[in-house]
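In my numbering, the protein residues as written are 911 to 1105. Working notes, structure below.
Rendered as structure tokens:
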């Protein structure tokens, strides 16, 4: 059973800021899956996404006193998470430049297959998802964040604009440019229907 499932995110954030650990644990429970999915697509790497999500929750916990309850908690948390993912990306770039390290590719042998799906169809679906994730992860951050917030996380362009602190027109333009880049970078058979 969850802790106070009827409480709003804002109420839980207020209670967590007052020191109620269980209130913050409920916020984490409510937002961890969606935040991980956003960061997984943002980073293109499940481990980086997990670490960025962890860092985002720690930063949110530390910053609860500055949370504005007039803003949705989920939107505030996504701003923190995107910033943490950007920070991780910058640090990884510096490491690659300084040490020549390359990212380790995900082992296909370790991926769990869906037993209800034939192996060849599962492989094709996995390859398409991986190609799309890599293409999205390679987008410039200013294009990637609006695309993920609107196309994958379900925010309207207005909501994404508020999260990113830009105009709605800027979000619209950046989503258009991101989709155009994806359409150019992906082979026709791997292009998402919306690109």
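Glycine included, every Cβ here is placed at the ideal spot set by N, Cα and C.
Distance from the CA of residue 1065 to the CA of residue 983, rounded to the nearest whole angstrom, comes to 13 Å.
Around the beta carbon of residue 975, fewer than 16 other beta carbons sit within 10 angstroms, so the residue counts as exposed. Contact check for residue 922 against residue 915 fails: the beta carbons are separated by 7 Å or more. Residue 1098 counts as exposed, since fewer than 16 other C-beta atoms from the protein chains shown sit within 10 angstroms of its C-beta. For residue 972, the uninterrupted alpha helix (DSSP H) run begins and ends at 956 to 973, by DSSP.
Here the alpha carbon of residue 942 sits roughly 11 Å from the alpha carbon of residue 991. Of the residues 1047, 1056, 927, the one whose Cα lies closest to the Cα of residue 999 is 1047. In the DSSP assignment, residue 1094 falls within the unbroken alpha helix (DSSP H) covering 1078 to 1095.
Distance from residue 995 to residue 952 at the Cβ level is roughly 5 Å; contact confirmed, criterion being Cβ atoms closer than 8 Å. Residue 985 has its alpha-carbon roughly 15 Å from the corresponding atom of residue 1078. Here residue 930 carries a coil assignment [DSSP, helix/strand/coil]. Nearest to residue 1062 by C-alpha distance, out of 946, 919, 939, 935, is 946. One Cα belongs to residue 973, the other to residue 981, and the distance between them is close to 14 Å. Across the set 939, 954, 928, 917, the C-alpha of 954 shows the shortest separation from the C-alpha of residue 1039. Excluding sequence positions up to five before and after residue 965, its CB lies within less than 7 Å of the CB of 994, all in the same chain and listed in chain order. Contact between residue 1060 and residue 1052 is absent: CB atoms are separated by about 14 Å, not below the 8 Å threshold. Within the stretch 1038 to 1072, no complete beta strand (DSSP E) segment of 3 residues or longer occurs.
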